Amino acid sequence: MSRSAPRSGRSQSGIHDVAASGFDAQADTYARTRPSYPADAVAWVADALCLEPGVTVCDLAAGTGISTRLLTPTGATVLAVEPVPGMRTVLRTTVPQVPVAAGTAEALPFRDGALDAVTVFQAFHWFDSEIAAAELHRAIRSGGRLALVWNARDRSVPWVDAAWSVMDRVEKHAPWRDHDRWADTALASQRWFGPLHEAVFHHEHVLPPELVVERFRGVSHVAVLPPAEQEAVLDEVRQILASHPDTEGRTLLALPYRVDAYWCVRP
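Numbering-wise, the sequence shown is residues 222 to 488 according to my numbering.
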């Protein structure tokens, strides 16, 4: 394995400090403002993982259930694992029919080979990739499958790029910034999983301006800032939305995303 997630910045629970505190504090905001995933991307994942009745799939780092609820229509038995308490509270409300367990990618609450498939939406960059890859290999049966999916920020629209540029200062060392290399470095060059298959999809998340601001509040590196610093950052975003010619006076704004999706087989 050529590169692993940095092990610094982790709490005693094994969760990255920024993820643990930021997501716990802003779980409700996360649920209200984070984008879902387009139907074609979800169908691609479901087909790749052969999700159907009789198959057991774990949605790992399930967050508030944005991805979990997209898996239930497949008929597969869906289990959710989420390490952050605040996220688990919202998750249980979002998908009350899905069993929810505390756990991390580095210490999965399953016996060896218990799972047919695992999905990781918008979270693998927070893992200690070396330990997580070995643990995923342990918990997934031989011939089972793993999918990694990211909603990546599409900055091709000028006002969107301006708003995310405010975040650049806050997120200089955010682990998600390398997400387009994480799948390759964490899985493709080691013995735990087979070759990666990948696809790219595009979609938009339409929100009123006030929820666009809340979307930025829910960014983990913003959520952990002291209140005064947090509001200063968000005021910059508000100013962009109020003054940019493409957003001024508009009641709905479309945030574009590029979905990067990968899957591989556990030998």
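Each residue gets a CB set at the ideal place from its N, CA and C atoms; glycine is no exception. These numbers were taken from a predicted model, which means no experiment stands behind them.
For Gly262, the three-state DSSP class (helix, strand or coil): The amino acid at residue 262 is misidentified as Gly; the sequence shows Ala. It is helical.
Selection from Cys485, Pro477 and Asp249 that minimises the alpha carbon distance to Ala373: Nearest C-alpha to Ala373: Pro477.
Own chain partners of Val434 with C-beta closer than 8 Å, once the 5 adjacent residues on each side are dropped: Leu455, Val458, Arg459 and Leu462
Per-residue burial, Arg290 [other beta carbons within 10 Å of its own, 16 or more giving buried]: Burial call: buried.
Classification of Arg390 by the beta-carbon crowding that lies within 10 angstroms, buried from 16 upward: exposed
Those residues which DSSP pairs with Thr298 across a bridge: DSSP output for Thr298 lists Thr277 as bridge partner(s).
Helix, strand or coil at His517 [DSSP, three-state]: The structure shown does not extend to residue 517, since the chain spans only 222 to 488, so no value can be given for it.
Terminal residues of the beta strand (DSSP E) in which Leu428 lies: His418 to Leu428
Backbone CA spacing between Arg332 and His418 [nearest angstrom]: Taking the straight line joining both Cα atoms gives about 27 Å.
Val302 and Leu272 closer than 8 Å at C-beta: no
Distance CB(Pro488)-CB(Ser363) smaller than 8 Å: yes
One or two residues paired with Tyr483 in a DSSP bridge: Leu369 and Glu419
Contact the region 351-366 vs the region 250-264: 3+ CB pairs below 8 Å: no
Three-state secondary structure assigned by DSSP to Ser242: Low per-residue confidence applies at Ser242: pLDDT is 48, beneath 50, and the placement is therefore not dependable, though the value from the model is reported in the following sentence. DSSP places Ser242 in helix when its eight states are reduced to three.
Opening and closing residue of the alpha helix (DSSP H) in which Leu292 lies: Thr289 to Leu292
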